[in-house]
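This report concerns only the one structure given below.
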Amino acid sequence: MELQDINALSMYVSRNGPNKLKRQLPLKFKTKTPRLRFRSEFRIHSHTPFHIHFIFTMAVREERVTEENDAEEAKRLMLKIAAILDEARTSYATHNRKLKELSLLRSKSSSHSHFFSGFSKTITPLFDFQRRLASADRIVSFVSAFAATAAASGDFLDHFLKFLLAAAAASNKTARFRACQIVSEIILRLPDDAEVSNEIWDEVIEWMKVRVRDKIPVVRTFAVRALSRFVNDSVNSDILDLFLEVLPLEQNADVRKMIVLSLPPSSATSQVIIDCTLDVSESVRKAAYCVLANKFPLQSLSIKLRTVILRRGLADRSVAVSKECFKLLKDEWLMKCCNGDPIELLKYLDVETYESVSESVMEALLKAGLVELQNGASIQQYISSNGDRTEGDSVHCPPSIQPMEAEAALYWRTVCKHLQSEAHAKGSDAAATMGTEAEVYAAEASDKNDLLEKILPATVGEYIELVRAHTNAGSNHRFACRQLLLLGAMFDFSDVTNRKTAGAFLHELMCKPPEHEDDDEGNIVVLGDGLSFGGDNDWAEAVASLARKVHAAPGEFEEVILAIIEELAQPCRERTADYVQWMHCLSLTGLLLKNAKSLRFLQGKAIGPDELLQSLLLPGAKQSHLDVQRIAIRCLGLFGLLERKPSAELLKQLRISYIKGPHSISIEACKALIDLVMWYGPQEVDKMLNLSIPCQLNSEKTTFSPVNFSDSERELDVGTLDILYGGFENDDWASPLPSNEDECVHAILGEGFAKILLLSNNYPSIPASLHPVILSKLIYLYFSDVSEHLHRLKQCLSVFFELYPCLSANHKSCITKSFIPAMRSMWPGIFGNSSGSTFMVSQMRKRAVQASRFMLQMVQIPLYAKEIQPDCENTNTEHPQVIDSCVELPFECGEEGLALRLAVENTCFASISDIRTRASKIYEETFMSRD
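Residue numbers for the sequence shown follow the working numbering, so the first one is 416 and each next one is one higher.
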C-alpha cells in the first residue's frame, strides 16, 4: 500500500467513522483486526485508535504481498536461468545464442541486484559437483563468457568476482577448484579495456597466489592459469618469482605444465624452460618446446642453448615430444628465421663446435624432405677451371679451388650420405621385389645415384685436389677438410690410377707433422688432445676411413702405414727424435693399432710387432716428457688387446706407470689395465706376470690385498685386480684433470668395476666373496662428494644400479651382503670414518640413510624373465625382456635376508663395548632399530 493511499484512508476514517468503513469493505476484509507482527517496532498499544490499527494492518499485508511477488519473480528468474544453463551444457554451439538470451534476461530484470542474486543461487550447485565432466566444463565456459561480456555494463563482474573469491577461500576443495577454474576463464576472456576496480584485481591476485600453494593439484593448476595474464606486468613481478620458486618443487605434472606455459620470455626464464625439456613427464617436455617455439625467437637464444634444445628434442624417447621439437625447428627456425635455407640455419648452430647436433638437424630435415637442391648446386661449384679467385680466399689454396665454409661442407656431406643410403635402400627393395614394383624401386635408386654423381666431384683426381687444397689452407679450414675426407667412402678406388693418386695424398697427409706452437716460455706445445693422430679423434677416424677405403686389400692398410711408421721411427730408435717427432710417430702407431684387426697382419712388414714394442712403445713409455709417456701408454694398451696373450713386459710397464706415474699417466695406464683384465681375465693377466698367488688362497679371499703406493722401491707381488682396487684409497686420484672434468682414476675404476660386476659370469676367477666388497665401494662412490661433478661416472653407475639387481638372484644376494659394509663405510664417526662439523656430520648421515633406502629399493626390484637361450652353443648372453614378479627368491636374497643381516649386525655391534660413542648409538638407532 502506497503512502498517499494510507493518508487518504486516514482522513476518510476521521470524517465518517470506522463503522461506515467496515460496511464498505469487501467481505474478506470484514474480520477482526489481526495482531500485528511488528507491534513492538511500530509501538502500537491497546489504546491506539482503530483506524491506526487498520492502516498498519493493511501496510503489513501489502508488504507480504510484495514479498510473495518478489519471491515468485525470483523463482521464475532462477528457472529461466537454469533452463538457459541446461541448454548451454549440451553443446558449445549454443553458447552464442544463449549468451544473448541471458543478457536480454538481465536487461529485463527489475534490478541488477535481483538478477545477480538469482544467477548466483542458480550456479551454486556447480560448486558442489566434484566430477569433471564435459557438460560441467561447458557450463563453466558459458558462465565465464557471460561474466566477461557483462563486464562492460554495470557492476555485475565486481559482485561475481567477490562471490568467486569467497568460494576460493572455502574449506571445500570442490568449491575452491570451481572458483579458481571460473576465475581463470574470466581473466583469460576479458578484453584489455575491461573496467574492473583495482581493489578487486588486487584481491583476486592475492587469493590466486595463495591458491598456487593449495594442497589440491587441480586448484593449483587453475590458480597458475589465472595468474598467467598478470605475470608479464612489471608491477606484479612477485608472480614470476612465485612461479620460479614453486616450479622445481612441484610434484604434479599438470601443474608444472601450466607453470611452463605461463612463463614469459626473458633471460631469467629461458634456462628454466630449457631445463624442463628434461622433465620426466612427456606433457611437460612438449609444453616446454611449445613455449620455446612461440615465445623465444632464434636470435634471442645463445648458440649453446639452441644446440641443447635440438639435441634433447630430436633424440627424445617420446615421438610426440620429438615432433614438437621438429615443428619448432621447421616452422620457426628454418622457415621464419632462415627463409628455408638449411645452410643459413647451420650458421646459427656453430657446426665446428656442435657437429653432432648439426648433423642430426640435417638428417631430420632430409628425412622430412625439406632440403631442396637448387639448380646447379653441387660440390663441383667449388672447383673452377678458369682459376679465378674471389677476394679474401686463402693464399694457400690453388687458383682452381674455392675454399668451402664449414656449414657448406657439413651440408654437402650429409646430403651425399643421405642420397647414398636412399639409393642403397631403394636398390635393396628392388632386389627383394618383382615386376612393376621392382622397376619403380630400381628407377628411384638410379635417380638417387645420378643426383649423387652430379653433386660429387667428377673424378677422384678433382676430389683429391679439393681435399689437398683445404688441407693446405690452414687450421681455419680443418673442419671442412675433415668433412671432405669422409666423402671418400663414396668414391670407387678400384682403378689403379685413382688408388695411386689417393695413396700419394694419404702418404703426404700422414707424414705431415702435428701442428705445434711455442708458449710464453719458448717451449714447444703440440696442439690437440695429445693422443689422437692430428690432435683430434674425429680427424684420425676420418683419415683412417679414407685409408681403409683406398687400401682395401687384406693387409694393405697395415703395410702402408707400417712403412710410414718405420720411416718416422728411425730417429726415435736412434734416440735423436725430439718431442714432436715422438708424438707424431706414436700417434700414427695408435691409429694403426686401433684399426688393425690382428697382429698377424703386421708380421713380415717394414717393422714387426716385437720391434714395434721393444723399439718404440716401451721406450716411449719411459720418456721424460709426460705427453710422450701418455700416448705411449695408450698405444701399449691397444697393442695388448691385439696380442693372443699379453706380454709380461707390457703388463709390468703398465703397472709401474699406474702406480708411480703422475695423474694423467695413471689414468691412461688404468684404462689399459682394465681393458686387458676384462679382455683376458684377471687370472690370465696375473699368470703372465708369474705372480706367486695360490689359487686356493685366491678363491677364499673376502677382501682385496692392501697396496702401499708410496713404497715404490720394491716390486708389488699382488694381483692386478688388487692394485686396481687399491686406487680407490688414493685420495689424490679423486680429483678430475683440469683438461677433462670427467676423467680421473676413481671414475675409470668405478666404470671398470661396474662392468666387471655386471658381467661377473664371464670372470669365474674373481671370487664371489669379493662381489659385495666391490658393490659397497661403488655405492660409496655413487653417493660421495667425489662423483658430484663426474657426470659420466654418475650416468654409468645409475644405469648399472638399474640393471644389476634385475639380472640374477645372485646379484640380489650380493646387494644384501654389501648393505652393512656400505653403511659402515659411509656413517661418520665409526670404524675410523672422519666426521667434521655438526653440519657435515648431518649431511653425511642423511647421505647414508639415502643410500640405505636406495639399496633397499634394489632388493625390492623384481627380476627380469629370461628368454629361451639361442641355439648357438658359444654364447652365454641372456636377453632380459619382461619383469617377472612371480619368481620366488631364496631367503637370503630378499628383504628377509637383509633383515636377518641387520639383526646380526645389531647383536655384534651391541657386544662391542669400546665403541659406544654418540655416533655409534645414532648408527644403531638408525639402522638396527627399524623393522
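A virtual CB, placed ideally from N, CA and C, is assigned to each residue, including glycine.
task: Would you decide whether G533 is buried or exposed? Buried here means 16 or more other CB atoms lie within 10 Å of its CB.
output: As a working mapping, residue 533 is identified with position 118 in the sequence shown. Classified as buried, G533 has 16 or more neighbouring CB atoms from the shown chains inside 10 Å of its CB.
Distance, L676 Cα to L1260 Cα: Stepping through the sequence shown from its first residue, residue 1260 is reached at position 845. Stepping through the sequence shown from its first residue, residue 676 is reached at position 261. It is Arg, not Leu, that sits at residue 1260 in the sequence shown. Cα-Cα distance, rounded: 39 Å.
message: Is K588 near the ligand GTP - that is, is its Cβ less than 7 Å away from at least one heavy atom of it?
response: Absence of the ligand GTP is noted for the structure shown, with no ligands found whatsoever.
query: Which same chain residues, not among the five before or five after A895, have their C-beta less than 6 Å away from its C-beta?
result: Walking along the sequence shown from the start, residue 895 turns up at place 480. By the criterion of a C-beta distance shorter than 6 Å, A895 is surrounded in its chain by M819, A821, A824 and H885, once the five residues flanking it on both sides are discounted.
query: Ends of the beta strand (DSSP E) at V786?
result: The sequence position of residue 786 within the sequence shown is 371, counting from 1. That residue, V786, is in no beta strand (DSSP E); it is neither H nor E in DSSP.
task: Report back the beta-carbon spacing between V706 and I724 to the nearest angstrom; my notes put them in contact at under 8 Å.
output: Along the sequence shown, one-based indexing puts residue 706 at 291. Along the sequence shown, one-based indexing puts residue 724 at 309. About 11 Å; that fails the 8 Å criterion.
query: Using the C-alpha atoms, what's the distance from A583 back to I496?
result: Indexing the sequence shown from 1 puts residue 496 at position 81. Indexing the sequence shown from 1 puts residue 583 at position 168. Their backbone Cα atoms lie some 23 Å apart in a straight line.
- prompt: With DSSP run on the structure shown, which of helix, strand or coil describes V1133?
  reply: What you label residue 1133 is simply residue 718 of the sequence shown in a count that begins at 1. Three-state result, V1133: coil.
- prompt: Candidates L519, K536, V882 and F561: which alpha carbon is nearest V958's?
  reply: Mapped onto the sequence shown, residue 958 falls at position 543. Ranking L519, K536, V882 and F561 by Cα distance to V958 puts V882 first.
task: Per DSSP, which residues does V633 bridge with? Please list them.
output: Translated into the one-based positions of the sequence shown, residue 633 becomes position 218. Answer by DSSP bridge pairing: none, since V633 is not bridged.
query: Is the CB-CB distance between L1001 and A962 below 8 Å?
result: Here residue 1001 is taken as the residue at index 586 of the sequence shown, counted from 1. Here residue 962 is taken as the residue at index 547 of the sequence shown, counted from 1. No, the pair does not count as a contact, with Cβ atoms beyond the cut-off.
message: Please state whether the Cβ-Cβ distance between R1049 and G1076 is less than 8 Å.
response: In the sequence shown, the residue the question calls residue 1049 occupies position 634. In the sequence shown, the residue the question calls residue 1076 occupies position 661. Against a cut-off of 8 Å, the Cβ pair of G1076 and R1049 comes out as no contact.
task: Grab the span of the alpha helix (DSSP H) containing D1101 for me, first residue to last.
output: The residue given as residue 1101 occupies position 686 in the sequence shown. For D1101, the enclosing alpha helix (DSSP H) stretches over residues P1097 to M1103.
- prompt: Which class does T463 belong to by DSSP, given the choice of helix, strand or coil?
  reply: Reading the sequence shown from its first residue, position 48 is the one you call residue 463. Low confidence applies to T463: its pLDDT is 49, below 50, so where it sits in the model is not reliable enough to give any reading.
- request: May I ask you to list the residues that DSSP assigns as paired with D933?
  value: To locate residue 933, count along the sequence shown from 1; it is residue 518. Bridge partners of D933: I939.
- prompt: Quick one: what's I798 bridged to in DSSP?
  reply: If you number the sequence shown from 1, residue 798 lands on position 383. In the DSSP output, where bridge partners are listed per residue, I798 has I816.
message: Between the alpha carbons of K1020 and P969, how many angstroms are there, rounded?
response: The sequence position of residue 1020 within the sequence shown is 605, counting from 1. The sequence position of residue 969 within the sequence shown is 554, counting from 1. Computed Cα separation, rounded: 13 Å.
task: Determine the closest residue to C752 out of R732, R914, L713 and N938, with distance taken between C-alpha atoms.
output: Within the sequence shown, the letter at position 337 stands for residue 752. L713 is the residue among R732, R914, L713 and N938 whose C-alpha sits nearest the C-alpha of C752.
message: Measuring only the C-alpha atoms, how far is I979 from G784?
response: Stepping through the sequence shown from its first residue, residue 979 is reached at position 564. Stepping through the sequence shown from its first residue, residue 784 is reached at position 369. So the alpha carbons of these two residues sit roughly 45 Å apart.
field: Cβ distance (whole Å) where L1164 is taken to contact C1221 below 8 Å
entry: Counted from its first residue, the sequence shown places residue 1164 at position 749. Counted from its first residue, the sequence shown places residue 1221 at position 806. The Cβ separation is near 24 Å, so there is no contact.
message: Considering just the uninterrupted stretch of the alpha helix (DSSP H) at M925, what are its terminal residues?
response: Numbered from its first residue, the sequence shown carries residue 925 at position 510. Unbroken alpha helix (DSSP H) run through M925: V911 to C926.
Local conformation of W1242 per DSSP, three classes: Counting from 1 along the sequence shown, the entry for residue 1242 is found at position 827. The three-state reading of DSSP puts W1242 in coil, since its state is none of H, G, I, E or B.
Other residues of its chain near G1055: CB distance less than 6 Å, five sequence neighbours each side excluded: By 1-based counting over the sequence shown, the position of residue 1055 is 640. These residues qualify, in order along the chain: P1061, L1065 and L1091.
query: Would you report the Cα separation of F542 and S612, rounded to the nearest angstrom?
result: Along the sequence shown, one-based indexing puts residue 542 at 127. Along the sequence shown, one-based indexing puts residue 612 at 197. Distance from the CA of F542 to the CA of S612, rounded to the nearest whole angstrom, comes to 25 Å.
- request: Could you tell me whether the stretch 1135-1155 touches the stretch 1093-1109, where touching means 3 or more Cβ pairs closer than 8 Å?
  value: Cβ pair count under 8 Å is three or more, so yes.
message: Pairs of beta-carbons, one from the stretch 552-563 and one from the stretch 512-530, closer than 8 Å: are there three or more?
response: Yes: the two stretches touch, three or more of their Cβ pairs being nearer than 8 Å.
- request: Give me the Cα-Cα distance between T1253 and D944, rounded to the nearest whole angstrom.
  value: One-based indexing of the sequence shown puts residue 1253 at position 838. One-based indexing of the sequence shown puts residue 944 at position 529. So the alpha carbons of these two residues sit roughly 44 Å apart.
field: Top-ranked residue by Cα proximity to W1242, from M1255, K536 and R591
entry: Residue 1242 sits at position 827 when you count from the first residue of the sequence shown. Of the candidates M1255, K536 and R591, the one whose C-alpha sits nearest the C-alpha of W1242 is M1255.
message: Using a Cβ-Cβ cutoff of less than 6 Å, which residues in the same chain neighbour I615 once the five nearest sequence positions on both sides are dropped?
response: Taking the sequence shown and counting its residues from 1, one reaches residue 615 at position 200. The beta carbon of I615 lies closer than 6 Å to those of D573 and L576 in the same chain, with the five residues before and after it left out.
query: Measuring CA to CA, which of I1089, L500 and I1022 is closest to L1053?
result: Reading the sequence shown from its first residue, position 638 is the one you call residue 1053. The shortest C-alpha separation from L1053 is found at I1089.
Spatial distance of P1179 from I1171 (CA atoms): Residue mapping note: residue 1179 aligns to position 764 of the sequence shown, counting from 1. Residue mapping note: residue 1171 aligns to position 756 of the sequence shown, counting from 1. Using only the alpha carbons, I get a separation of about 11 Å.
message: Does Q1018 come out as helix, strand or coil in the three-state DSSP assignment?
response: Translated into the one-based positions of the sequence shown, residue 1018 becomes position 603. Here Q1018 sits in coil by DSSP.
message: Can you tell me whether G1023 is helix, strand or coil according to DSSP?
response: Stepping through the sequence shown from its first residue, residue 1023 is reached at position 608. Coil at G1023, not helix or strand.
- prompt: Are I1046 and L946 touching if we call contact CB-CB under 8 Å?
  reply: Position 631 of the sequence shown, counted from the start, is the residue given in the question as residue 1046. Position 531 of the sequence shown, counted from the start, is the residue given in the question as residue 946. Judged by beta-carbon spacing, L946 lies within the 8 Å limit of I1046, meaning their Cβ atoms are closer than that value.
query: Looking at the C-beta of T874, does it have a partner C-beta in chain C at a distance below 8 Å?
result: Within the model displayed, chain C is absent; a lone protein chain is all it includes.
message: Is it buried or exposed, Y1095, if we count other Cβ atoms within 10 angstroms and call 16 or more buried?
response: As a working note, residue 1095 is residue 680 in the sequence shown. Its Cβ being crowded by 16 or more others within 10 Å, Y1095 is buried.
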